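Taking it in order: structure first as structure tokens, then the write-up.
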Amino acid sequence: MRVSSPQKTKGFAKQNRLQIITHLSDGVERSVSEIEALFPELNQSTLSQHLGKLRKAQIVKTLRQSQTIFYSITDHDVVRLLRHIFADDSALALTSQ
21 MRVSSPQKTK
31 GFAKQNRLQI
41 ITHLSDGVER
51 SVSEIEALFP
61 ELNQSTLSQH
71 LGKLRKAQIV
81 KTLRQSQTIF
91 YSITDHDVVR
101 LLRHIFADDS
111 ALALTSQ
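Residue numbering for the sequence shown follows this note's numbering, starting at 21 and increasing by one per position.
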């Protein structure tokens, strides 16, 4: 299923989702618990909602290993776009690939 541009941009329309993308932009798969540790201010339910929206927008993908779910970037074009948009914003400085 192809995701439209408005759906895709909706996926990174919130600061927390941008920060999740930032942490995943280095190409390393991270478990939900690892992502949770990066965002202690978010409760598990809110984090799950953000990850679900990123997954629905096909920005991230999941890999299940036993009972652990790992997230990684699936749309590197989004990372490149965000890197360009936020080039001067150190708070959202996406790592280079």
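Glycine included, every Cβ here is placed at the ideal spot set by N, Cα and C.
Every value quoted in this text rests on a predicted model; they were computed, and no experiment measured them.
Residues that DSSP places opposite residue i in a beta bridge
{"i": "Ile-93", "result": "Val-80"}
{"i": "Gln-27", "result": "Per DSSP, none; premise fails for Gln-27."}
Span separating the alpha-carbon of residue i from that of residue j
{"i": "Ser-86", "j": "Lys-30", "result": "31 Å"}
{"i": "Leu-74", "j": "Phe-90", "result": "13 Å"}
{"i": "Asn-36", "j": "Arg-84", "result": "23 Å"}
Residue j beta carbon less than 7 Å from that of residue i
{"i": "Leu-62", "j": "His-43", "result": "no"}
{"i": "Glu-54", "j": "Ser-92", "result": "no"}
{"i": "Ala-77", "j": "Lys-28", "result": "yes"}
Nearest residue (CA-CA) to residue i, options the options
{"i": "Ile-40", "options": "Thr-66, Leu-83 and Arg-84", "result": "Thr-66"}
{"i": "Asp-95", "options": "Pro-26, Asn-36 and Ser-45", "result": "Ser-45"}
{"i": "Pro-26", "options": "Thr-88, Gln-64 and Val-98", "result": "Val-98"}
Quick check for students: name the residue ranges of the alpha helix (DSSP H) that lie wholly in the stretch 47 to 80, counting only runs of 4 or more. 52 to 58 and 64 to 76
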